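Residues in the sequence shown are numbered consecutively from 1, following the UniProt record's numbering. Have a look at the structure below before the remarks.
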Amino acid sequence: MINRINSFGEYWSAYNESVQNPEQFWANQAESFFWRKKWDSVLEWNFEEPSVKWYGGSLHNITENCLDRHLFTRGNQTAIIWEPNDPTQAAQHITYKELHERVCKAANILKNNGVKKGDRVCIYMPMVPELAVSVLACARIGAIHSVVFAGFSASSLADRLNDAEATVVLTSDGAYRGNKSIDIKGIVDEALAKSPTVKRSIVLRYANTPVTFTEGRDIWWHEEEAKASAICEAEPMEAEDMLFILYTSGSTGKPKGVVHTTAGYMVYAGYTFANVFQYNDGDVYWCTADVGWITGHSYLVYGPLLNGATTVMFEGIPTYPDASRFWKVIEKHKVNIFYTAPTAIRSLQGFGLEYVEGHDLSSLRVLGSVGEPINEEAWHWYHDHIGKGHCPITDTWWQTETGGIMIAPLAGVTPTKPSFATLPLPGIQPVLVDEKGEELVGNGVEGNLCIKFPWPSMIRTTYGDHERCRLNYFSTYAGMYFTGDGCRRDEDGYYRILGRVDDVINVSGHRMGTAEVENAINEHLAVVESAVVGYPHDIKGQGIYAFVICDTHVPMESSLLKSEIIATVSKIIGPIAKPDKIQIVKGLPKTRSGKIMRRILRKVAEGDISNLGDTSTLLDPTVVEDIVAGAKLV
Ligand code: WTA
């Protein structure tokens, strides 16, 4: 059993120990996992290169910890409850024994198709059990998984396949989302036309939609499965072997492949799951995130399975067939711990209480929030109407790069305050710094959030480009990991995340680089230049506002042009990056050195034009007047 903190006093003693003697603390936590060989050294690190190594000299396999070691104690317990998109279709209950067998078979499918330790396997699948099975099958044989959210476009998928030089793709024929059917295989085919490293595409027959097969490249999962043995020895992995790559947006145009390695990630995902959610043996736990995001990796698949939990995997969306679906699923599967995003809460809140009423939510004990700041109104609605006033809310702050939850209340243990992520978890040493990089000591301060000491599941590199990792995270403030978030530490020492301080916007909990969206908009033939900023959006948290300069030689009606721009972004990145507002402008506010003054655009997008600040350094200050006048019409 993974060690669990049970009181606020225990939290403080664990925290103090973790800071005073981090190696001893993390060695103790690692003792509750299964190792083929234990470590020689707990931690070696420097943040200059950066180089971070946890549990050096050890051997293990994360799937033995997620599956094999539960077989004797809980082989017949449900590991995954799969709830399909269509509520009339039966849910699946997959026991640990069955999951183990399915993972071993899938691992053998990969092996039979030439996949070896260290090879990159891309997974582009809907939220079906085989998605989790695929992730674990890769880990079983030491292949590095790169899950790409199945809402990304063919061109985003191709970029990720090429960057990782993936050799195999695991996918499905089609997918369902709400009342839409999605041609997954078609998207993969289009991507593979531009991804020469991929030799095999293994296709799950799931939606029974028509597909075309490319001879020699595409094969059916079920045909391979029929030939695969159910026995597959786990590959003994060294601590710093790569477990997975997950692409995420940054302030530069191209998404980066965040690399996580296996031992430290395992210990941290397991430890934080048990503690943050205060998981009790037998609890049914539901995280609504897609496995295509880090939340799905750490807290739908790995964290719960490491703890022998029952984890719910939901294929659908919160509003299908109607806005009561989440509450129906909680009632149906008697969910005890529920983890979702503020955007979902705000959206469901908007539908009214009639969708909540009449559902038995009495099984709920703990509520979680992730992905973006949760505003007080949504916090109270969640607390009062879903938790009925008695379920603690854990507002968890973390990132793809951190691998696991960093700042969060331990549910029911740490006293909460709405919209505060509260206190750092044991092992996490946050610091706030000012613009010059000076540490802001004491309470009642606000600055940029950094972490000054390594933790086991931190980013090790960006795939194929270590320098990018150093520049992005370790060079802004010497000797510290910089998160990109602004943060306030209040008089009680509680942390409140204020949002990104870089050119990243957070739309419905999804990270989006402004440069990435601009690059996509600029692909439209009529677009000369564009600038994208975020603005407050009632449901999404932030919306995307695009200022676009068009070629006046292209005679096009502006509403048609706008819908074409939206379609272009959807095609290049995916529907999640579609601008909410587009303003066609004659010029952008630029300094004499040609830099766009986003500060001004942000103010306009927010509708706050009373104080645009100093515009005298602009090349052409009249541009701003035009933009302000035009904004009223958007
Ligand atoms: C934001 C998601 C406030 C933050 C796990 C961070 C949050 C980015 C919270 C990472 C929270 C995440 N409160 N902001 N509880 N959780 N964020 O990589 O800006 O998709 O830097 O990881 O989301 O997003 P990512």
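We treat Cβ as the ideally placed atom computed from N, Cα and C, and that holds for glycine. All values reported here derive from a predicted model rather than from experimental measurement.
Please name the residue in the options whose C-alpha comes closest to that of residue i.
i           : options               : result
residue 181 : 316, 364, 336 and 370 : 316
residue 290 : 84, 300, 284 and 281  : 300
residue 632 : 424, 585, 118 and 599 : 585
residue 278 : 393, 103 and 167      : 393
residue 450 : 407, 606 and 52       : 407
residue 397 : 21, 409 and 447       : 409
residue 276 : 609, 323, 76 and 411  : 411
residue 503 : 132, 252 and 367      : 252
residue 555 : 527, 435 and 471      : 527
residue 448 : 487, 560 and 456      : 487
residue 366 : 207, 373 and 390      : 390
residue 223 : 113, 36 and 318       : 113
residue 314 : 25, 545 and 81        : 81
residue 90  : 332, 140 and 587      : 332
residue 141 : 262, 368 and 50       : 262
residue 121 : 545, 564, 147 and 131 : 147
residue 537 : 477, 485, 474 and 606 : 606
residue 464 : 162, 138 and 102      : 162
residue 167 : 364, 150 and 111      : 111
residue 190 : 202, 206 and 153      : 153
residue 581 : 318, 309, 233 and 547 : 547
residue 403 : 368, 360, 460 and 208 : 460
residue 352 : 95, 322 and 68        : 322
Here's the rule: buried if 16 or more other CB atoms are within 10 angstroms of the residue's CB, otherwise exposed. What is residue i?
i           : result
residue 384 : exposed
residue 1   : exposed
residue 193 : exposed
residue 88  : exposed
residue 593 : exposed
residue 13  : exposed
residue 415 : exposed
residue 143 : buried
residue 441 : exposed
residue 506 : buried
residue 210 : exposed
residue 508 : buried
residue 553 : exposed
residue 637 : The question about residue 637 has no answer here: the residues shown for the chain are numbered 1 through 634.
residue 563 : exposed
residue 204 : buried
residue 376 : exposed
Consult DSSP for residue i and reduce its assignment to one of helix, strand or coil.
i           : result
residue 638 : Outside the shown range of the chain (1 to 634) lies residue 638, about which nothing can therefore be said.
residue 589 : coil
residue 215 : coil
residue 313 : strand
residue 450 : strand
residue 529 : strand
residue 15  : helix
residue 362 : coil
residue 227 : helix
residue 487 : strand
residue 204 : strand
residue 5   : coil
residue 143 : coil
residue 39  : coil
residue 244 : strand
residue 495 : strand
residue 265 : helix
residue 286 : strand
residue 56  : strand
residue 148 : coil
residue 296 : helix
residue 506 : strand
residue 460 : coil
residue 477 : coil
residue 522 : helix
residue 610 : coil
residue 618 : strand
residue 482 : strand
residue 31  : coil
Answer with yes or no whether the minimum CB distance from residue i to chain B is below 8 angstroms.
i           : result
residue 285 : Going by chain labels, chain B is absent from the structure shown, which holds only one protein chain.
Completely contained beta strand (DSSP E) runs for the region 88 to 125, where each covers 3 or more residues: 92 to 95 and 120 to 124
Whole runs of the beta strand (DSSP E) within the region 536 to 602, excluding any shorter than 3 residues: 541 to 550 and 581 to 585
Every unbroken beta strand (DSSP E) inside the region 306 to 354 [3 residues or more]: 310 to 314 and 337 to 340
Sequence ranges, alpha helix (DSSP H) only - wholly within the region 365 to 435, length at least 4: 376 to 381
Runs of beta strand (DSSP E) wholly within the region 165 to 210 (minimum 3 residues, chain order): 168 to 172, 175 to 177, 180 to 182 and 200 to 204
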